Each structure stands twice: as structure tokens, then as C-alpha cells.
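As you go down the protein sequences, you meet chains A and B in turn.
Quick note: the first sequence uses this note's numbering, first residue 1, plus one each step.
Quick note: the second sequence uses this note's numbering, first residue 301, plus one each step.
Glycine included, each C-beta is placed from N, C-alpha and C at the ideal position.
Please read these numbers as outputs of a predicted model, since none were measured by experiment.
Protein chains: 2
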Amino acid sequence: MKLLVVGSMALDSVETPFGKEENVLGGSASYFSLAASMFTDVCIVAVVGQDFPEEHLELFRSKGIDLKGVTRESGETFRWEGRYGYDLGDPETLGTYLNVFQDFNPVIPDEYRDTEFVFLANIDPELQLRVLKQVKKPKLVACDTMNYWIENKPEQLKEVIKHVDLLMLNDSESRILAGKASITQAARYILDLGPKVLIVKRGEYGALMFSKEGIFWAPSYPLEDVIDPTGAGDSFAGGFMGFLAAHETVDQAALKTAVVYGSVIASFAVENFSVRRTAQLKKSEIDKRFTAFLQLSRLD
Amino acid sequence: MKLLVVGSMALDSVETPFGKEENVLGGSASYFSLAASMFTDVCIVAVVGQDFPEEHLELFRSKGIDLKGVTRESGETFRWEGRYGYDLGDPETLGTYLNVFQDFNPVIPDEYRDTEFVFLANIDPELQLRVLKQVKKPKLVACDTMNYWIENKPEQLKEVIKHVDLLMLNDSESRILAGKASITQAARYILDLGPKVLIVKRGEYGALMFSKEGIFWAPSYPLEDVIDPTGAGDSFAGGFMGFLAAHETVDQAALKTAVVYGSVIASFAVENFSVRRTAQLKKSEIDKRFTAFLQLSRLD
């Protein structure tokens with residue numbers, strides 16, 4: 001089934017202990033859609049500026065990604081500049097230039113309004129609400145957010161959370177949103193806000209999925225080299241939602257498998273700068289690492 | 301089979317966001333032996349002062365723990381005072397009073413010298429070396445350490461590591477010892493120093509086991525309430541070594557199962573201050589949580 005993502009397309013300048021890359025393809029919708037395209041058909045709603053290289057659009061098209069919802073506005077593309085330290089934890093943001101993203105008003109093309117799988121990437125919760133009003137009874141709506149919105153637009157964000165099926169957060173976002181130190185208590189608080197499923201992303205420590213069905217724990221793949229963690233969360237979301245949309249049935253077994261596929265795709269995404277590794281991914285590589293993931297925590 | 305632990309017995313004063321307890325039973329050998337006693341016979345080599353309450357020794361005896369190697373010296377017992385913040389991560393040490401532990405010289409009683417499973421808890425690597433010289437060809441020697449020894453006695457510590465079968469460290473200790481940010485690279489470096497197995501303890505994020513057989517990932521149990529993390533690592537080690545000593549065979553399957561039992565026991569240990577929860581543990585509770593642990597990361 002088709003999968004719609006609404007998010008950002010960006011040009012990033014990223015520095016890690018392993019190198020520095022300037023004006024490379026970034027943004028939540030970019031990472032998400034390339035990851036999801038390994039599993040299913042994806043359409044993007046986003047905005048780019050006049051400076052956005054045609055070759056990036058070509059890359060998306062070469063993966064069968066539908067760009068009818070991507071508008072090119074006058075002005076420059078959204079830019080983010082960040083630097084990661086030795087531990088490759090949270091990056092220091094050196095600059096955020098919203099540019100054309102400042103006035104982003106997501107309009108879902110008519111033919112996308114009945115898409116059954118929808119991902120609201122990390123954007124202003126007011127925009128996420130506008131998207132929710134435009135789509136017709138999707139099978140699954142998932143959403144991501146960040147500390148900035150938790151702190152600055154808590155009411156609007158809670159309104160979004162109330163209307164989505166699944167929320168993805170990282171460890172500290174979950175604790176801050178719930179105001180609880182225990183991740184289990186934080187999860188219960190968040191599930192009480194509305195969503196049926198909460199996925200807590202924990203970077204190199206894996207991911208936890210909470211729902212009424214219980215708790216599922218997926219490991220993260222212990223990598224030899226992490227080169228650039230940018231986009232890991234969006235790649236996880238892309239693998240997760242891509243698998244679900246292809247699988248069509250959303251039950252606990254499918255959700256668990258989707259978490260593992262999300263982790264698999266994220267583990268590739270961080271092996272190089274920008275979307276470089278994901279753009280070159282082969283299905284056979286995904287299958288091989290999926291098996292390795294399952295082996296990691298098997299007793300027998 | 302019998303299991304020998306050489307470590308500390310202490311009186312701790314601990315503050316967490318959930319309370320404050322003064323002069324409660326602590327120390328690596330205490331946590332370790334109570335955990336291991338759920339699986340096998342344990343003997344302790346440690347030192348206490350004149351002020352060490354007889355009721356604590358009674359507790360150990362009630363669990364069948366052999367105290368012939370525990371000497372009572374003139375002076376006060378080793379004391380540690382610490383405070384945990386809201387995230388229950390690394391505690392702030394408010395005071396360390398070595399007291400009788402200052403001159404601790406571990407002498408292994410003759411009848412313990414052929415113990416087949418030996419755990420060198422976190423003490424001065426020079427003392428760990430002295431223990432190694434006193435034991436006769438154990439089946440498995442495991443050791444723990446801490447940043448203080450990695451930084452202050454690196455050569456002696458490397459000599460210990462060279463002669464043990466298994467090393468347990470936490471995440472940051474592994475990276476510091478190896479001088480590498482990637483945990484996979486750090487593990488390879490450490491295994492090259494001599495031990496056949498490295499276990500990286502990651503608190504609420506679980507544990508990783510590295511060896512020539514590959515990587516094993518055990519989750520940590522997502523608890524409702526963590527009251528006091530003190531002794532979690534030693535409780536893990538106690539559950540791990542206790543299971544192995546009872547199981548007798550040390551192969552990859554046994555090591556994996558032991559990691560899960562270690563995680564199970566640690567998950568109980570942090571549910572109350574001091575050794576209170578571990579001292580009340582029932583075998584049926586362990587079995588139940590062991591099953592829950594396996595369920596956590598099962599796809600089906």
C-alpha cells in the first residue's frame with residue numbers, strides 16, 4: 001500500500017569525528033522516503049528552494065518515489081549545520097536556516113488523501129494537525145517530534161498525539177514529554193494521551209515498543225564504524241513504516257517485525273554521511289542484516 | 301560447583317530521588333554473593349571492621365554462604381556515601397572511607413584454592429593478581445574493575461586482564477580502557493588483551509557479550525520503579541557466575557543464558573535499597589522474570 005510522508009527536505013552541513021560534508025542531502029522526508037522505498041511506494045509532501053539540486057530529485061525518482069507533493073518555492077532550501085562529538089550523541093546545532101521551510105504549508109494532493117499509511121515527520125505540530133485534517137481515515141498514522149515542540153507548543157503537540165495511532169520519540173523526549181524518569185511510567189503516561197503504540201528510539205541501545213499488547217525490545221546492531229548519525233531516527237521510521245505499508249496488516253507481529261526492519265535500515269544509514277549508504281542499499285543486504293539482528297538476542 | 305568471590309563488604313549511605321538510607325549493607329562481595337546464592341554455593345573472601353553488624357553475617361549464613369574467608373579486623377568497615385540524580389545514572393560519590401579495606405590482603409583459605417569458578421570483584425588490580433596466584437586452575441575466572449583502576453593502575457590491570465577468562469565492564473569503562481569510541485572496536489581491542497569473553501554492562505540498556513563466537517545482546521527489563529541502582533553490576537555478576545557454576549559447563553549457550561540470568565537478578569536488585577530485594581528473592585520470581593525477559597525480544 002502507498003505511504004505518505006510529510007516532512008523536510010534539506011541541505012545539511014555535518015561534521016563528525018570522521019569527516020565534514022557541506023550542503024549534502026538531508027531532511028526528515030529525504031531519509032524517511034529513501035528508507036521506505038526499499039519496501040513500498042512512497043509519496044512525499046515537502047518544499048524545496050530554487051537552489052535544491054535536480055540530481056537529488058532524480059535520486060528520489062530513481063527509487064520510484066512520487067514527488068508530486070514537493071513544491072519548489074522562490075528562496076533557498078532549508079539548511080541545517082551540526083557537529084557531533086566523539087560519542088556521536090546529540091549533535092551541537094551550529095545553524096538552522098528555515099528559508100522556504102518558514103512558510104511551509106503542507107497541501108496534500110487530492111490523489112494522496114486516501115493514502116492508508118501516513119508519517120508525520122518532525123515538523124511544527126500545527127502543520128501536522130493541518131495534514132491530519134486533509135487525509136481520509138488512514139489505516140495507520142504515525143508521528144515524530146522533538147524537544148523543541150514539546151517545550152514550545154505542548155498543547156498543539158498533545159492535540160496531534162491524541163489523533164495519531166503511533167508516536168515515535170527518543171528516550172529523553174519521552175521522559176520530558178511525560179515528566180517522568182522511569183521510561184515505563186513515561187510510556188504509560190504517553191499511551192494515555194491517545195496513541196495505541198509508542199516507540200522509544202534509543203540510538204545504539206536499540207528501540208522499545210510499548211502498547212496494550214506489552215513491551216517489545218529490539219537491539220541495535222553493534223556497528224564497527226558509525227560515521228554520521230544524522231537521519232538515523234527518520235531512517236528507522238522509514239524502514240518501520242515501509243515494512244508495515246508493504247505488509248498491509250497492522251498487528252502485533254507485524255509491528256514487532258517492522259521495529260526490527262527499522263533498526264536494520266537505521267544501522268545502514270549511519271554508516272556514511274547523508275543518505276549515501278541508504279541510497280545504495282540492496283534488498284539482499286537488508287535481509288542479511290535482518291537475520292543477524294534476530295541472531296543477536298537468540299539464546300539457542 | 302563452588303564459586304569464590306573476592307571483594308568488598310561495606311556499609312553504604314545512599315541517597316536517590318526515592319529516599320535516603322544510612323549505613324546499610326553494601327559492597328561488591330555482598331551483592332554478588334547474595335545474587336549467586338540463588339544458584340549455587342558461594343564463599344566470600346573479604347574484610348569487615350568491628351562495627352560490622354552480626355545480623356548481616358547472619359543474613360549471608362542463612363543463604364548458605366560460606367564466610368570462612370571473611371576476617372574481622374580492628375577498625376571500622378569500609379564505607380561509601382553516594383547520591384544519585386533524577387536519571388539514576390552514575391552517582392556522585394560524597395565520601396569513600398576505606399578503613400579496614402585499606403590494608404586488605406586477600407588470603408584464600410586452603411580449602412577454597414581449588415574452587416572452579418572465581419570472581420574478582422572490583423578491587424585494586426594488585427590484590428586481584430595476588431588472588432590469581434593463590435587459586436589452582438579454575439574452570440573460569442571472571443573479573444570486574446572501574447575507571448579509577450583503568451586510569452591509575454593500567455599496567456597492573458592489563459596483567460590481570462591477561463590472566464582472566466572473562467572481563468565485565470560498563471560501556472564507558474570499555475571505551476576508556478580501549479581508547480575507542482566504537483564499542484565493537486573497543487571490544488576487539490579488549491579481547492586482544494587476553495580474555496576469551498567480554499561482557500559490557502549498559503544498565504537500563506541491557507548487556508552485550510563479545511567473544512570469538514560472536515555478539516550476544518541481552519535486554520534489560522523495563523522496570524516500573526528503579527529505587528536504588530547501587531550494586532546492579534555486582535548483582536548481575538552474581539547471577540551470571542552463579543548460574544554458570546551451577547550449570548558447570550561453560551559453552552556459548554550457557555554463557556548466553558547466564559547473561560540473561562544476570563540481567564534478571566540485577567533487575568530485582570535495583571527495586572529497593574541495599575540488598576533488601578535480593579535477600580528476599582524467590583526462585584519462582586526469578587523463573588517468571590527470566591521468561592518475561594525472553595519474551596521481550598521475541599518476534600513470535
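The alpha helix (DSSP H) spanning A/Asp228 covers which residue range? By one-based count along the first sequence, residue 228 of chain A stands at place 228. No alpha helix (DSSP H) holds A/Asp228; DSSP gives it neither H nor E.
Indicate the three-state DSSP secondary structure (helix, strand or coil) for A/Phe119 in the structure shown. Numbered from 1 along the first sequence, position 119 holds the residue referred to as residue 119 of chain A. Of the three classes helix, strand and coil, the one that applies to A/Phe119 here is strand, per DSSP.
Beta bridge counterpart(s) of A/Asn170 as assigned by DSSP: Sequence index remark: in the first sequence, residue 170 of chain A carries index 170 (1-based). Per DSSP, A/Lys201.
Could you tell me which whole alpha helix (DSSP H) segments of length 4 or greater appear in the segment 44-71 of chain A? 54-62
DSSP has B/Arg589 in a bridge; who is on the other side? For the purposes of this step, residue 589 of chain B is taken as the residue at position 289 of the second sequence. Looking at the DSSP assignment, B/Arg589 forms no beta bridge with any residue, so it has no partner.
How close, in whole Å, do the beta carbons of A/Ala35 and A/Ala269 come, if the pair is a contact with beta carbons under 8 Å? Here residue 35 of chain A corresponds to residue number 35 of the first sequence, with the count starting at 1. Here residue 269 of chain A corresponds to residue number 269 of the first sequence, with the count starting at 1. Rounded, the Cβ-Cβ distance is 7 Å, consistent with contact.
The beta strand (DSSP E) enclosing B/Ala310, as first and last residue numbers: To locate residue 310 of chain B, count along the second sequence from 1; it is residue 10. Unbroken beta strand (DSSP E) run through B/Ala310: Ala310 to Thr316.
Quick one: Cα of A/Glu224 to Cα of A/Leu299, how far? Here the question's residue 224 of chain A lines up with position 224 in the first sequence. Here the question's residue 299 of chain A lines up with position 299 in the first sequence. Answer to the nearest angstrom: the Cα atoms are 23 Å apart.
Could you name the residues of the same chain whose beta carbon sits closer than 8 Å to that of B/Val431, not counting the 5 residues immediately before and after it, in chain order? If you number the second sequence from 1, residue 431 of chain B lands on position 131. Only Val306, Val345, Pro406, Ile408, Val418 and Leu420 meet the Cβ criterion.
Proximal residues of chain D, C-beta to C-beta of B/Tyr386 below 7 Å: Annotation note: the requested chain D is absent from the structure, which comprises protein chains A and B.
Going by C-alpha to C-alpha distance, which of B/Lys436, B/Thr530, B/Ala592 and B/Ser374 sits closest to B/Asp390? Residue numbering aside, residue 390 of chain B sits at position 90 when the second sequence is read from its first letter. It is B/Thr530 whose Cα lies nearest to the Cα of B/Asp390.
Is B/Tyr384 helix, strand or coil when you go by DSSP? As a working note, residue 384 of chain B is residue 84 in the second sequence. Note: B/Tyr384 maps to coil in three-state DSSP.
Is the shortest distance between the beta-carbon of B/Thr591 and the beta-carbons of chain A less than 7 Å? By one-based count along the second sequence, residue 591 of chain B stands at place 291. With 7 Å as the cut-off, B/Thr591 does not count as an interface residue toward chain A.
Would you say B/Leu544 lies against chain A (beta-carbon separation less than 7 Å)? As a first step, residue 544 of chain B is located in the second sequence; it is residue number 244 there, counting from the start. Cβ-Cβ to chain A under 7 Å: no for B/Leu544.
Could you give the C-beta distance for B/Thr557 and B/Phe536, rounded to a whole number, given that I count them as a contact under 8 Å? Your numbering for residue 557 of chain B matches position 257 in the second sequence. Your numbering for residue 536 of chain B matches position 236 in the second sequence. That belief does not hold up - the Cβ atoms of B/Thr557 and B/Phe536 are roughly 14 Å apart, past 8 Å.
Between the segment 553-585 of chain B and chain A, which residues of the former have a C-beta closer than 8 Å to a C-beta of the latter? Ala553, Lys556, Thr557 and Val560
Given that a residue counts as buried once 16 or more other Cβ atoms are within 10 Å of its Cβ, and exposed if not, what is B/Lys501? To locate residue 501 of chain B, count along the second sequence from 1; it is residue 201. Buried, by the Cβ-count rule.
How should A/Tyr84 be labelled, buried or exposed, when 16 other C-beta atoms within 10 angstroms of its C-beta is the threshold for buried? As a working mapping, residue 84 of chain A is identified with position 84 in the first sequence. Buried, since its Cβ has 16 or more Cβ neighbours within 10 Å.
Quick one: list the residues of chain A neighbouring B/Ser597, beta-carbon separation under 8 Å, in chain order. Within the second sequence, the letter at position 297 stands for residue 597 of chain B. Result: Phe216, Trp217, Ala218, Pro219 and Ser297.
Kindly say whether A/Thr230, judged by its beta-carbon, lies nearer than 7 Å to any beta-carbon of chain B. Residue 230 of chain A sits at position 230 when you count from the first residue of the first sequence. No - not a single Cβ of chain B is within 7 Å of the one on A/Thr230.
Would you call A/Lys233 buried or exposed, if buried means 16 or more other Cβ atoms sit within 10 Å of its Cβ? Residue mapping note: residue 233 of chain A aligns to position 233 of the first sequence, counting from 1. For clarity, residue 233 of chain A is Gly in the given sequence; the question names Lys instead. Buried, since its Cβ has 16 or more Cβ neighbours within 10 Å.
Can you give the Cα-Cα distance for B/Leu367 and B/Arg361, rounded to whole angstroms? Numbered from 1 along the second sequence, position 67 holds the residue referred to as residue 367 of chain B. Numbered from 1 along the second sequence, position 61 holds the residue referred to as residue 361 of chain B. One C-alpha to the other measures close to 7 Å.
Backbone CA spacing between A/Asp171 and B/Tyr505 [nearest angstrom]: As a first step, residue 171 of chain A is located in the first sequence; it is residue number 171 there, counting from the start. As a first step, residue 505 of chain B is located in the second sequence; it is residue number 205 there, counting from the start. A/Asp171 and B/Tyr505: Cα-Cα distance of roughly 11 Å.
Run of the beta strand (DSSP E) containing B/Ile396, from where it starts to where it stops: As a position in the second sequence, residue 396 of chain B is number 96, starting the count at 1. Rather than Ile, the amino acid found at residue 396 of chain B in this sequence is Thr. Segment Glu392 to Tyr397, the beta strand (DSSP E) holding B/Thr396.
Quick one: measure Cβ to Cβ for B/Ile565 and B/Gly538, integer angstroms, because I've assumed they're closer than 8 Å. Residue mapping note: residue 565 of chain B aligns to position 265 of the second sequence, counting from 1. Residue mapping note: residue 538 of chain B aligns to position 238 of the second sequence, counting from 1. Yes, B/Ile565 and B/Gly538 are in contact; Cβ-Cβ is about 6 Å, under 8 Å.
Hey, does B/Thr549 have any beta-carbon neighbour from chain A nearer than 7 Å? Here residue 549 of chain B refers to the residue found at position 249 of the second sequence. By this cut-off, B/Thr549 is not an interface position.
Keeping to the same chain, check which residues put their C-beta closer than 7 Å to that of A/His56; ignore five residues upstream and five downstream. As a position in the first sequence, residue 56 of chain A is number 56, starting the count at 1. Same-chain partners within the cutoff: Leu25.
Contact list for the segment 114-148 of chain A against chain B, Cβ threshold 9 Å: none
Check B/Ile408 in the structure and name its three-state DSSP category. Locating residue 408 of chain B in the second sequence gives position 108, where the first residue counts as 1. Three-state result, B/Ile408: coil.
Determine, for B/Pro391, whether the minimum Cβ-Cβ distance to residues of chain A falls below 7 Å. On the second sequence, position 91 is the one that residue 391 of chain B refers to. No, B/Pro391 lies away from the interface with chain A (no Cβ there is under 7 Å from its Cβ).
Collapsed DSSP secondary structure at B/Gly514 in the structure displayed: Here the question's residue 514 of chain B lines up with position 214 in the second sequence. Three-state DSSP puts B/Gly514 in a strand.
Can you tell me whether B/Leu508 is helix, strand or coil according to DSSP? Residue mapping note: residue 508 of chain B aligns to position 208 of the second sequence, counting from 1. It is a strand residue.
Determine whether the beta carbon atoms of B/Ala545 and B/Met301 lie at a separation below 7 Å. Locating residue 545 of chain B in the second sequence gives position 245, where the first residue counts as 1. Locating residue 301 of chain B in the second sequence gives position 1, where the first residue counts as 1. Yes. Within cutoff.
Is A/Thr145 buried or exposed, if buried means 16 or more other CB atoms sit within 10 Å of its CB? For the purposes of this step, residue 145 of chain A is taken as residue 145 along the first sequence, with counting starting at 1. Buried is the call here.
Measuring only the C-alpha atoms, how far is B/Thr340 from A/Ala29? Looking up residue 340 of chain B in the second sequence gives position 40. Looking up residue 29 of chain A in the first sequence gives position 29. Straight-line Cα distance between these residues: approximately 55 Å.
Straight-line Cα distance separating A/Phe216 from A/Gln102: If you number the first sequence from 1, residue 102 of chain A lands on position 102. If you number the first sequence from 1, residue 216 of chain A lands on position 216. Cα to Cα, the separation comes out at about 38 Å.
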